[in-house]
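Protein chains: 4
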Amino acid sequence: MDKELEDKATGPKPRHVPSERPGPVGGKRDQNRRRRTRELCEAGLALFLEHGTESVTIDQIVEQAGIAKGSFYRYFKDKEELVETLFAPLQEALEDNFNTCAQAVKEASELPGLLFAYQEFAIRLNDIFFENRQLILLYLQENRAPAHGARKAIGALAVSITKGANALTNAAEVHGLLRPFDPRVSTLAVIGALERILFGFLRDEDVGEFELLAPSLISLIFDGLRFGDQDAHST
Amino acid sequence: MDKELEDKATGPKPRHVPSERPGPVGGKRDQNRRRRTRELCEAGLALFLEHGTESVTIDQIVEQAGIAKGSFYRYFKDKEELVETLFAPLQEALEDNFNTCAQAVKEASELPGLLFAYQEFAIRLNDIFFENRQLILLYLQENRAPAHGARKAIGALAVSITKGANALTNAAEVHGLLRPFDPRVSTLAVIGALERILFGFLRDEDVGEFELLAPSLISLIFDGLRFGDQDAHST
Amino acid sequence: MDKELEDKATGPKPRHVPSERPGPVGGKRDQNRRRRTRELCEAGLALFLEHGTESVTIDQIVEQAGIAKGSFYRYFKDKEELVETLFAPLQEALEDNFNTCAQAVKEASELPGLLFAYQEFAIRLNDIFFENRQLILLYLQENRAPAHGARKAIGALAVSITKGANALTNAAEVHGLLRPFDPRVSTLAVIGALERILFGFLRDEDVGEFELLAPSLISLIFDGLRFGDQDAHST
Amino acid sequence: MDKELEDKATGPKPRHVPSERPGPVGGKRDQNRRRRTRELCEAGLALFLEHGTESVTIDQIVEQAGIAKGSFYRYFKDKEELVETLFAPLQEALEDNFNTCAQAVKEASELPGLLFAYQEFAIRLNDIFFENRQLILLYLQENRAPAHGARKAIGALAVSITKGANALTNAAEVHGLLRPFDPRVSTLAVIGALERILFGFLRDEDVGEFELLAPSLISLIFDGLRFGDQDAHST
DNA sequence: CATGAATGAGCGTTCATTCAT
DNA sequence: TATGAATGAACGCTCATTCAT
């Protein structure tokens, strides 16, 4: 997990701290600042996963991070901002991926181009997944709960994902790739199935060998959704 | 919702309260007891849905129920027990349905018998769904979060459902109904897709007309999972 | 001080507590409630006098009152409401007195009637002063400080007093009782002198014998300080 | 206000800082030191006036002054010392004026000399008032509150003023200038009236034209409010 | 020496739970 | 038995002060 957060923590800076800092970038102070931020993010993420965002207290976070209570508030206005900071890079990466794919799909005129676009999307999604396992687990744990307080950022991510997936489904529909189902329903079905399987995997439920997960899932989706006879598809 | 809870609340009695009460069953005191329990359950459910189980306080519940705070503890040991009481009848109904179906599947030797068993299962499931919409929404909101504290009963229900579904899938597999996927994966996929669509429906997301939901979903599942050519089935 | 607060504490009830209480008025619960409120008021007043309203913490108040911290909030929303509750009866008494006097002055057509009205006012003021010494001392200590937070009620009282005094001065002027000075200035001068002397008295500064205070002050106001032929005056 | 503080801030130096500083007096370092001290004093005074001394935090002061938090403690041990530094020059000026006047009164044997001494006193007082309006307003806001913590210096000034005024009144009494009132009472009356009017003026209450304030006040003090034949006096 | 990051005691407030009435 | 008052631990957050850079 250490590695998972290393970059993210330096991403969106808390806005209430003066942007002008003493000491050069990369200097001792800058290093300390980054380390503290990362430690708080790590501590927070671990605790959120174990107890749920709502239940975790600032006291627990700072204890886990090994810093003083007051220091938390130098880095984050409150728990909500910490969660925002945690999810911001993931949200951005996912939105990027959705946008890129939607663009490619829009521009593709032939089936091979379309499939290539989806394949690229899947590959990138796979990368994002592996780079953000803990975060995605947290998302899966909480994304349906009321998006109040500290869960605001999670709700935003859920909305973002639903939108992106709908855009993709619509694009696929335009190209006549789908069987005549309501695309809103098939989108939800795919998202639901995918999320549940990822959740099982991340929670160490027994889901078989991981290498088989992706092809199984893709086959399930395609053979369920794809229009026409179903022998031809190849992952 | 009123009706939804009427029976449930009288189901499993809190265990820390002497089961022997003064007054005859159905008498004035018994009636009062049932009414208050139901009011607390209703109030709790509504608040849990809006704010999440963790965030809701006993104060909020008793205020919503129009009951004194101290009285809460006469009926429930704590919030956890209230949630338990809420979910117990649903859990029982689902387990019943799973068991009945599994039994029927095990005893079925021919395809028609199998399909009949599944159909019965689906019909009963549909009933349960409509009789417990609020409760199921709460379940969907929270079932992946850490099952500590007040969420223990929700976690238990999740485990119960996964087990039941796995049993069913396994039974189907034994009968050679499924394409050669890891049944653990296809179970999760089906559960995930189903839950996500129900969630969307209960949350008033735009999922198209309800009448089309069930056939769409079944077709999606079957055409995705069912071995063989896919023209023959029609619900 | 005990007596000073006995009535006041039962005056304006905190508004956030349900007005319907169990138990009869005057019953044990009602007694307890009154006692607690009085204890908190006493403790608050004593501490405010010693340390200033802003500096006193809820912890100090509840410790002095000998009750649990959480109990404070059953009686008062915050420190500000406690101060409001403390000053409400005094404010009302003063406004009553001002209004009564202004009315009498307006209706008086002859000098004797006027003087009688002022005399009545002074007598009642004297009573109010003795019944509220601690409270008045607190008012004198803080009435010029910024009226934020807990001091809001004190600022309101100051405004109320200034208005009342101005009304009286204006009435006197209409009757041609005053030398041709700006009545706004003479009002302030009288208020300032009076307040400072009362403050000195309440703070146990050496201001001579109390019995001489009132006549001295009245003579000072009416005749001025200058030595000269002013034998005609009689209080 | 800028000018008002320019000199004062360089007055009494904080004692915990080595009085020997590197660099020559008036050199670059000395200049910086003086500038920062002045900026902190200005910021503090403005904030104290708006929020009250007790409520203002070091954070607010350094932010307003545009200085780092740590730097505050190089110039002042704490808020109390800042207030001391603010009031020291005013206190000194007032004491000087009182002493000078008392001395002159003591040495005067004739009425004209006495009146001249008082006149000199009044003129100097007027100057001090205009040179220290903000500071005097702060004094008037807080001088009756408990003189703990940051308010110690204000309390000291109040004591100093009372003493000086009493000395003056006593001197006047010795010369037989006053009507036979307790001089302690008349002193308080005069101080109270004066302070209240100045306070009204500085707070922009409606006190009429400023030019009329001083003569009105003097006349009020000397002649009282009573309507009558008191034409003989003229300041 | 200036800076602002770190510290932790302490504040106002909430809340689950107990208990007198 | 129903009530809501009492309790005090715990929470989120602030702030004076110290200290590394």
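Taken in order, these protein sequences are the chains called A, B, C and D. Be aware that the first sequence starts at 2, since it is given in my numbering, and climbs by one per residue. Be aware that the second sequence starts at 2, since it is given in my numbering, and climbs by one per residue. Be aware that the third sequence starts at 2, since it is given in my numbering, and climbs by one per residue. Be aware that the fourth sequence starts at 2, since it is given in my numbering, and climbs by one per residue. Glycine residues also receive a C-beta, built at the ideal position from the N, C-alpha and C atoms. The model shown is predicted, which means the values in this text are computed figures rather than measured ones.
Checklist entry - So, do the stretch 134–141 of chain A and the stretch 184–195 of chain B have three or more beta carbon pairs nearer to each other than 8 Å? => result The stretch 134–141 of chain A vs the stretch 184–195 of chain B: no contact.
Item to check | Straight-line Cα distance separating T163/D from K107/C | outcome: One C-alpha to the other measures close to 39 Å.
Checklist entry - Just curious, the alpha helix (DSSP H) that H149/A is in, first and last residue? => result H149/A -> no alpha helix (DSSP H), and no H or E assigned at all.
Checklist entry - For a contact meaning CB atoms closer than 9 Å, what does G156/C contact in chain D? => result What G156/C touches in chain D: nothing, since even the nearest Cβ is about 12 Å away.
Next on the checklist: Nearest by alpha-carbon distance to N100/B: which of G67/B, N167/B, G45/B and R134/B is it?
Outcome noted: Of G67/B, N167/B, G45/B and R134/B, the smallest CA-CA separation from N100/B is found for N167/B.
Item to check | Cut-off 6 Å between Cβ atoms - residues of its own chain near V18/A, not counting five sequence neighbours on either side | outcome: With a pLDDT of 47 at V18/A, under the threshold of 50, the modelled position of this residue cannot be trusted, and the question is left open.
Next on the checklist: Helix, strand or coil, according to DSSP, for L179/D in the structure here?
Outcome noted: DSSP, reduced to helix, strand and coil, places L179/D within a strand of the structure shown.
Item to check | Any chain C beta carbon closer than 8 Å to D183/D | outcome: Yes - at least one Cβ of chain C is within 8 Å of the one on D183/D.
Item to check | Cβ-based contacts, 7 Å cut-off: residues of the stretch 44–58 of chain D near chain C | outcome: Residues of the stretch 44–58 of chain D whose Cβ lies closer than 7 Å to any Cβ of chain C, in chain order: E51, H52, G53, E55 and S56.
Checklist entry - If you draw a straight line from the alpha carbon of L95/A to that of E85/A, how long is it in whole angstroms? => result C-alpha separation (whole angstroms): 15 Å.
Checklist entry - So the alpha helix (DSSP H) T188/D belongs to, where does it begin and stop? => result First-last of the alpha helix (DSSP H) with T188/D: P184 to L203.
Checklist entry - At least one CB of chain C closer than 8 Å to the CB of S161/D: is that the case? => result No, its Cβ sits nowhere closer than 8 Å to a Cβ of chain C.
Checklist entry - Rounded to a whole number of angstroms, what is the C-alpha to C-alpha distance between S110/C and Q65/D? => result Rounded to whole angstroms, S110/C to Q65/D spans 58 Å at the Cα level.
Item to check | Below-8 Å beta-carbon distance, S187/D vs any chain C residue | outcome: S187/D has a beta carbon lying within less than 8 Å of a beta carbon in chain C.
Checklist entry - How close, in whole Å, do the beta carbons of Q171/D and I155/D come, if the pair is a contact with beta carbons under 8 Å? => result One point to set straight first is that residue 171/D is Asn, not Gln, in the sequence displayed. In fact, because the Cβ distance is near 25 Å, the residues do not count as touching under 8 Å.
Next on the checklist: 8 Å is my cut-off, CB to CB: does G146/C come that close to chain D?
Outcome noted: This sequence places Ala at residue 146/C; Gly is not what is there. Yes, because at least one Cβ of chain D sits closer than 8 Å to the Cβ of A146/C.
Checklist entry - Within the 8 Å Cβ cut-off, does G201/C reach chain D? => result Judged by the 8 Å Cβ criterion, G201/C is in contact with chain D.
Item to check | Buried versus exposed, by CB contacts within 10 Å (16 or more), K1/D | outcome: The first residue shown for chain D is 2 and the last is 236, placing residue 1/D beyond what the model contains.
Checklist entry - Would H149/C count as contacting chain D if we go by Cβ distances under 8 Å? => result For H149/C, the answer is yes, since a Cβ of chain D falls inside 8 Å of its Cβ.
Next on the checklist: Please return the same chain residues whose Cβ sits closer than 7 Å to the Cβ of S187/C, not counting the five positions on each side in sequence.
Outcome noted: Result list for S187/C: T170 and L179, in chain order.
Checklist entry - Excluding the five sequence neighbours on either side, which residues of its own chain have a C-beta within less than 6 Å of the C-beta of L136/D, listed in chain order? => result Counting only Cβ-Cβ distances below 6 Å, and skipping sequence neighbours, we find L91.
Checklist entry - Considering only residues of the same chain and omitting the five flanking positions on each side of S72/B, which have a CB-CB separation below 8 Å? => result Setting aside the 5 residues that flank it on each side, S72/B is surrounded in the same chain by R37 and V63, each with a C-beta closer than 8 Å to its C-beta; the list follows chain order.
Item to check | Within-8 Å CB hit, E196/B to chain A | outcome: When Cβ-Cβ separations below 8 Å define contact, E196/B makes contact with chain A.
Checklist entry - For chain B, is any of its Cβ atoms less than 8 Å away from the one on D303/A? => result There is no way to answer for residue 303/A, as the model of chain A reaches only from 2 to 236.
Checklist entry - For A151/B versus T54/B, is the C-beta spacing smaller than 8 Å? => result In this structure, the beta-carbon distance from A151/B to T54/B falls below 8 Å.
Item to check | Contact under 8 Å by Cβ, V208/C with R34/D | outcome: Going by C-beta atoms, V208/C is not nearer than 8 Å to R34/D.
Checklist entry - Thinking C-alpha only, which one of N98/A, F49/A and L116/A is nearest L83/A? => result The residue with the shortest Cα to Cα distance from L83/A is F49/A.
Item to check | chain C residues whose Cβ lies nearer than 9 Å to that of I192/D | outcome: Neighbours of I192/D on chain C, chain order: G193, A194 and R197.
Checklist entry - Would you say L95/A reaches chain B, if we count a Cβ-Cβ gap shorter than 8 Å as a contact? => result Not flagged as an interface residue toward chain B: L95/A, since no C-beta distance is shorter than 8 Å.
Checklist entry - Are Y76/A and L116/A close, meaning C-beta to C-beta below 8 Å? => result The answer is no: Cβ separation not under 8 Å.
Checklist entry - Quick one: does A118/C have its CB under 8 Å from some CB of chain D? => result For A118/C, no Cβ of chain D is located within less than 8 Å of the residue's own Cβ.
Checklist entry - So the alpha helix (DSSP H) G114/A belongs to, where does it begin and stop? => result Under the DSSP assignment, G114/A falls in the alpha helix (DSSP H) whose first and last residues are L112 to E132.
Next on the checklist: For D3/A and R134/A, what's the separation of their Cα atoms in angstroms?
Outcome noted: A caution first: D3/A carries a pLDDT of 46, below 50, which makes its placement in the model too unreliable to give a value.
Item to check | Sub-8 Å separation of F182/A and S217/B beta-carbons | outcome: In this structure, F182/A sits near S217/B, with a CB-CB distance shorter than 8 Å.
Next on the checklist: I need the straight-line Cα distance from A157/D to D205/D, nearest angstrom please.
Outcome noted: One alpha carbon belongs to A157/D, the other to D205/D, and they sit about 26 Å apart.
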